[in-house]
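Asker:
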Amino acid sequence: MLKAGQAAPMFVLPDADMELIDIAQFQGKSNVILFFYPRDDTPCCTLQATDFSDHEDQFARHDCTIIGISRDDCIRHAEFRDKHGISVSLLSDSEGVACKRYGVWQAKEVNGARKYGIVRSTFVIDKQGVLRLVLYGVTAKGHALEMLRVVKELNS
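Counting in full-length UniProt numbering, the sequence shown runs from 1 upward without gaps.
Put into structure tokens, the structure is as follows:
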């Protein structure tokens, strides 16, 4: 698992429009909030993505880009985005590369069976590419506003 103060792991992943996004492109330009979520179009994941989208302008005023990542493919991301009016970037990590680098792909016990999945997690990366906040196992409700407070402190 990652810790604050470490360099953020780099990756390149496609977004909902199949455009490649290189996380390194934000260094020197903006802070980044990466939120990893289990699956498109589930109640908590929808709440989290729409909440970040609703406050995207406020994040932008604090030089912060919001990026959501799950293992869903680009087409599913596009459908999810369009259905719910999500404006933040949604990246497809179908191979689990970023999920593994960020330590969010973890074993869970479901009905006595061990299964792997994404643990809802958020990472705040500063303009220098350093992890400033690492949160594993977050709750979707109210999370976007909590992260907005963190970003405001980061810039003050």
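Glycine included, C-beta positions come from ideal geometry on N, C-alpha and C.
1) Looking at the strands, I want to know which residues DSSP matches up with G5.
2) With a Cβ-Cβ cutoff of 7 Å, do L133 and V119 count as a contact?
3) Does the count of Cβ pairs from the region 132-152 and the region 27-46 closer than 8 Å reach three?
4) What are the uninterrupted segments assigned as beta strand (DSSP E) that are 3 or more residues long and contained completely in the UniProt domain "Thioredoxin" (2-156), given in chain order?
5) How should Y102 be labelled, buried or exposed, when 16 other C-beta atoms within 10 angstroms of its C-beta is the threshold for buried?
6) Check whether the Cβ atoms of S89 and Y37 lie closer than 7 Å to each other.
7) Could you tell me whether the region 59-68 touches the region 98-116, where touching means 3 or more Cβ pairs closer than 8 Å?
8) Could you tell me whether the Cβ atoms of S53 and I75 are closer together than 7 Å?
9) Using a Cβ-Cβ cut-off of 6 Å (strictly less than) and excluding sequence neighbours within five positions of N155, which residues of its own chain qualify?
10) Going straight from the alpha carbon of T122 to that of E146, what length do you get?
11) Out of R39, F59, D82 and G28, point me to the one whose CA is closest to D73's CA.
12) When you compare only the Cα positions, how much space is there between V12 and S94?
Answerer: Taking the coordinates as given:
1) Answer by DSSP bridge pairing: none, since G5 is not bridged.
2) No, they are not a contact pair.
3) A contact between stretches requires three or more CB pairs, one per stretch, nearer than 8 Å, and the region 132-152 meets this requirement with the region 27-46.
4) Qualifying beta strand (DSSP E) stretches, in chain order: 12-14, 20-22, 31-36, 64-70, 89-92, 105-110, 113-118, 121-125 and 131-136.
5) Per the 10 Å Cβ criterion, buried.
6) Between S89 and Y37, the C-beta gap is not smaller than 7 Å, which leaves the two residues out of contact.
7) The region 59-68 vs the region 98-116: no contact.
8) Judged by their CB atoms, S53 and I75 are not nearer to each other than the 7 Å cut-off.
9) Beyond the five residues adjoining it in sequence on each side, N155 comes within less than 6 Å, by CB distance, of H62 in the same chain, given in chain order.
10) Take the alpha-carbon of T122 and the one of E146: they are about 11 Å apart.
11) Ranking R39, F59, D82 and G28 by Cα distance to D73 puts R39 first.
12) A straight line joining the alpha-carbon of V12 with that of S94 spans about 12 Å.
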